[in-house]
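Engineer:
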Amino acid sequence: MPPIEARPKGSRSPRSAEERAITVGVSDARLGFIKALVIAVNRETGEASFDPLTGRGSNFCDSVGFGLLEWSDWGKRTGSMDLPFDLISTDFDGTIFEEFETPSIAHEFERRIAWLQERGVKWVINTGRSYDSLMLSLEQADLSVTPNYLVLVEREIHIWKNGRFAGHDVWNEQCEDKHASLFELIRMDVRELSEWVRATFPGTHVYSDAHSPMCVTARCNEESDAIQIRMQEYCETHPELVWVRNDVHSRFSHIEFSKGTALREIAERLDIPAERIFAAGDELNDLPMLRADVAGFLAAPANAVPEVREQVESEGGYVATRSFAAGVDEAIGRLLE
Ligand SMILES: [Mg+2]
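Going left to right, the sequence shown walks through residues 538 to 874 as this note's numbering numbers them.
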């Protein structure tokens, strides 16, 4: 995937050691993110001995510039206490978007998001899609609202700031590094597993891409079921490895990076507890975020797969009577009654 953006440019001119310390000290009372920088500061020299944001050596000014920009991007928790939630996480395909519907995203959902955002609620599109693919469909849907955050490929986090999406670099770099290490471990086995799929289910599309060394598009859900069983057996040999499935599409991923852990990361940065988060999804890859310990309010549109409807209900959530975005809007509406 091509890089989405460059980090926002800040004008962080080198100043005296004392001035630098004061700048950081003011930020100390805010988020833990900035506090970490304070720990790193050597007030004698104004230099940081390590960079707590990335774990890599860098000079102090770079660290502070990066840290303050990151902090301002995340912003403060501004949700209204008269609403039951401050953060909404919605899957995209099948949950709010259906390309064969007109409109592809129901207008009532769009109006609902605009109303909520005006009141300080943040909206995350939490999807398995890549950036380009998502942007294309959002453009086609001609939405008047913009998500505050994106979770892409079920793992990367991006923040809407100054008219564009900027990556949450710390998270995304960790994500990339851990996936690279894990995928290197299974590299030799992937060839054998791919050959098994091709031989057992001729016509199945087996390929690698920038996000996984093995991706599968099965011809039908029955074959996708059988492939999933085989791959989950293999995952038992590597505790960090998971087989992530969305309908007939599947791929290997790292257990620490999912729609659920990404949503938790966003919520942590915004200082929003799980009980003030709403999450909605329709497919198997949504299950990691459709848990009561991740989001206090769970919902599934009527078209969700049985496993999702069952989990949402068992976790105390709501399965809507309507499909797609209209169903999500129905679930939100019930909470606001
Ligand atoms: Mg979906």
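Glycine residues also receive a C-beta, built at the ideal position from the N, C-alpha and C atoms.
Say the cut is 8 Å; is the CB of GLY818 nearer than that to a heavy atom of ligand 1?
Structural biologist: Your numbering for residue 818 matches position 281 in the sequence shown. Indeed, a heavy atom of ligand 1 lies less than 8 Å from the Cβ.
Engineer: Whole angstroms are fine: how far does the CA of ASN709 sit from the CA of PRO540?
Structural biologist: Stepping through the sequence shown from its first residue, residue 540 is reached at position 3. Stepping through the sequence shown from its first residue, residue 709 is reached at position 172. Annotation note: pLDDT 37 at PRO540 (below 50); position unreliable, coordinate value reported separately. So the alpha carbons of these two residues sit roughly 11 Å apart.
Engineer: Mapping DSSP to helix, strand and coil, what is VAL712?
Structural biologist: Position 175 of the sequence shown, counted from the start, is the residue given in the question as residue 712. Before going on, a small fix: residue 712 reads as Cys here, not Val. Here CYS712 sits in helix by DSSP.
Engineer: Just list the residues that DSSP pairs PHE702 with in beta bridges.
Structural biologist: Your numbering for residue 702 matches position 165 in the sequence shown. TRP697, per the DSSP bridge assignment.
Engineer: Can you give the Cα-Cα distance for CYS495 and SER670, rounded to whole angstroms?
Structural biologist: Residue numbering for the chain in the displayed model covers 538 to 874; residue 495 lies beyond these limits and cannot be assessed.
Engineer: Tell me where the beta strand (DSSP E) around PRO621 begins and ends.
Structural biologist: Start at 1 with the first residue of the sequence shown, and residue 621 comes out as number 84. Careful: PRO621 lies outside any beta strand (DSSP E) and carries neither H nor E.
Engineer: Using 8 Å for Cβ pairs, my map puts GLU691 next to SER787. What's the rounded Cβ distance?
Structural biologist: Mapped onto the sequence shown, residue 691 falls at position 154. Mapped onto the sequence shown, residue 787 falls at position 250. About 12 Å separates the two Cβ atoms, so there is no contact after all.
Engineer: By alpha-carbon positions, which one of GLU760, LEU800 and ARG801 ends up nearest to ALA736?
Structural biologist: As a first step, residue 736 is located in the sequence shown; it is residue number 199 there, counting from the start. ALA736 has its Cα closest to that of GLU760, out of GLU760, LEU800 and ARG801.
Engineer: Say whether chain C places a C-beta atom closer than 9 Å to the C-beta of ASN758.
Structural biologist: Going by chain labels, chain C is absent from the structure shown, which holds only one protein chain.
Engineer: Skipping 5 residues on each side, what residues in its chain have a beta carbon closer than 8 Å to that of VAL865?
Structural biologist: In the sequence shown, counting from the first residue as 1, residue 865 sits at position 328. THR627, THR632, ILE633, PHE646, ALA817, ALA836, PRO838 and ALA857, listed in sequence order.
Engineer: Closer than 8 Å is the cut-off here; do at least three beta carbon pairs connect the stretch 766-777 with the stretch 674-694?
Structural biologist: Touching, no, given that fewer than three Cβ pairs across the two stretches are closer than 8 Å.
Engineer: Would the C-beta of GLY631 count as close to ligand 1, meaning under 8 Å from any of its heavy atoms?
Structural biologist: What you label residue 631 is simply residue 94 of the sequence shown in a count that begins at 1. Yes, the Cβ of GLY631 comes within 8 Å of a heavy atom of ligand 1.
Engineer: Given a cut-off of 9 Å on the beta-carbon distance, is the pair ILE723 and PRO750 in contact?
Structural biologist: Looking up residue 723 in the sequence shown gives position 186. Looking up residue 750 in the sequence shown gives position 213. Result yes, Cβ atoms of ILE723 and PRO750 sit closer than 9 Å.
Engineer: So what does DSSP say about PRO825, is it helix, strand or coil?
Structural biologist: Translated into the one-based positions of the sequence shown, residue 825 becomes position 288. PRO825 falls in the helix class under three-state DSSP.
Engineer: Taking just the CA atoms, how far does ASN685 sit from PHE629?
Structural biologist: For the purposes of this step, residue 629 is taken as residue 92 along the sequence shown, with counting starting at 1. For the purposes of this step, residue 685 is taken as residue 148 along the sequence shown, with counting starting at 1. When rounded, the distance between both Cα atoms is 14 Å.
Engineer: ALA763 and PHE789: beta carbons closer than 9 Å?
Structural biologist: Residue 763 sits at position 226 when you count from the first residue of the sequence shown. Residue 789 sits at position 252 when you count from the first residue of the sequence shown. Cβ atoms of ALA763 and PHE789: not closer than 9 Å.
Engineer: Does the beta-carbon of TRP652 have 16 or more other beta-carbons within 10 angstroms, so that it is buried, or is it exposed?
Structural biologist: Against the sequence shown, residue 652 aligns to sequence position 115. By the neighbour-count rule (16 or more Cβ atoms within 10 Å), TRP652 is not buried but exposed.
Engineer: Would you give the residue range spanned by the beta strand (DSSP E) that ASN663 belongs to?
Structural biologist: Position 126 of the sequence shown holds residue 663. Element bounds for ASN663: 659-663.
Engineer: Considering only the alpha carbon of each residue, which of GLU732, ARG828, SER860 and GLN711 lies closest to GLU638?
Structural biologist: Here the question's residue 638 lines up with position 101 in the sequence shown. Closest by alpha carbon: SER860.
Engineer: For ALA868, count neighbouring Cβ atoms within 10 angstroms of its own Cβ and tell me buried if that reaches 16, exposed if not.
Structural biologist: Here residue 868 is taken as the residue at index 331 of the sequence shown, counted from 1. Looking at its Cβ environment, which holds 16 or more other Cβ atoms inside 10 Å, ALA868 is buried.
Engineer: DSSP on VAL753, reduced to helix/strand/coil?
Structural biologist: Here the question's residue 753 lines up with position 216 in the sequence shown. Strand, per DSSP.
Engineer: Could you spell out the range, first to last residue, of the beta strand (DSSP E) harbouring SER731?
Structural biologist: The residue given as residue 731 occupies position 194 in the sequence shown. Careful: SER731 lies outside any beta strand (DSSP E), inside the alpha helix (DSSP H) at 724-737.
Engineer: If you draw a straight line from the alpha carbon of VAL658 to that of VAL785, how long is it in whole angstroms?
Structural biologist: In the sequence shown, the residue the question calls residue 658 occupies position 121. In the sequence shown, the residue the question calls residue 785 occupies position 248. Taking the straight line joining both Cα atoms gives about 33 Å.
Engineer: So ASN758 is in the alpha helix (DSSP H); what residue range does that whole segment cover?
Structural biologist: Residue 758 sits at position 221 when you count from the first residue of the sequence shown. Taken as a continuous stretch (DSSP letters only), the alpha helix (DSSP H) holding ASN758 covers 758-772.
Engineer: By the three-class DSSP mapping on this structure, what secondary structure does GLU542 have?
Structural biologist: Within the sequence shown, residue 542 is the residue found at index 5, counting from 1. Below a pLDDT of 50, predicted positions are generally treated as unreliable, and GLU542, at 36, falls in that range; no measurement from the model is reported.
Engineer: Given this structure, state the Cα-to-Cα distance separating ALA804 from GLY870, to the nearest angstrom.
Structural biologist: Stepping through the sequence shown from its first residue, residue 804 is reached at position 267. Stepping through the sequence shown from its first residue, residue 870 is reached at position 333. Distance between the alpha carbons of ALA804 and GLY870 is about 22 Å.
Engineer: Does ligand 1 have even one heavy atom less than 8 Å from the beta-carbon of ASP628?
Structural biologist: Taking the sequence shown and counting its residues from 1, the one referred to as residue 628 is at position 91. Yes - ligand 1 has a heavy atom lying nearer than 8 Å to the Cβ of ASP628.
Engineer: Starting from the Cα of VAL727, find the closest Cα among GLY740, CYS752, CYS712 and ALA703 and give me that residue.
Structural biologist: Counted from its first residue, the sequence shown places residue 727 at position 190. Checking every option, the nearest Cα to that of VAL727 belongs to CYS752.
Engineer: So ARG828 and GLY797 are supposed to be a Cβ contact under 8 Å. How far apart are they, rounded?
Structural biologist: Counting from one through the sequence shown, the residue named residue 828 turns up at place 291. Counting from one through the sequence shown, the residue named residue 797 turns up at place 260. Correct: roughly 6 Å between the Cβ atoms.
Engineer: Just mark ALA799 as buried or exposed, buried being the case when its beta carbon has 16 or more other beta carbons within 10 Å.
Structural biologist: On the sequence shown, position 262 is the one that residue 799 refers to. ALA799 is buried by the Cβ-count criterion.
Engineer: Applying the criterion that 16 or more other CB atoms from any shown protein chain within 10 Å of the CB defines a buried residue, is ASP619 buried or exposed?
Structural biologist: For the purposes of this step, residue 619 is taken as the residue at position 82 of the sequence shown. Exposed, by the Cβ-count rule.
Engineer: Go to ALA837, then tell me how far its beta strand (DSSP E) extends in each direction, as first and last residue.
Structural biologist: As a working mapping, residue 837 is identified with position 300 in the sequence shown. Looking at the DSSP string, the run of the beta strand (DSSP E) that includes ALA837 is 834-837.
Engineer: For HIS705 versus GLU636, is the C-beta distance shorter than 9 Å?
Structural biologist: The residue given as residue 705 occupies position 168 in the sequence shown. The residue given as residue 636 occupies position 99 in the sequence shown. No. Outside cutoff.
Engineer: So, with DSSP's three-state summary, where would you put HIS742?
Structural biologist: The residue you call residue 742 lines up with position 205 of the sequence shown. The answer is strand: DSSP assigns HIS742 an E or B state.
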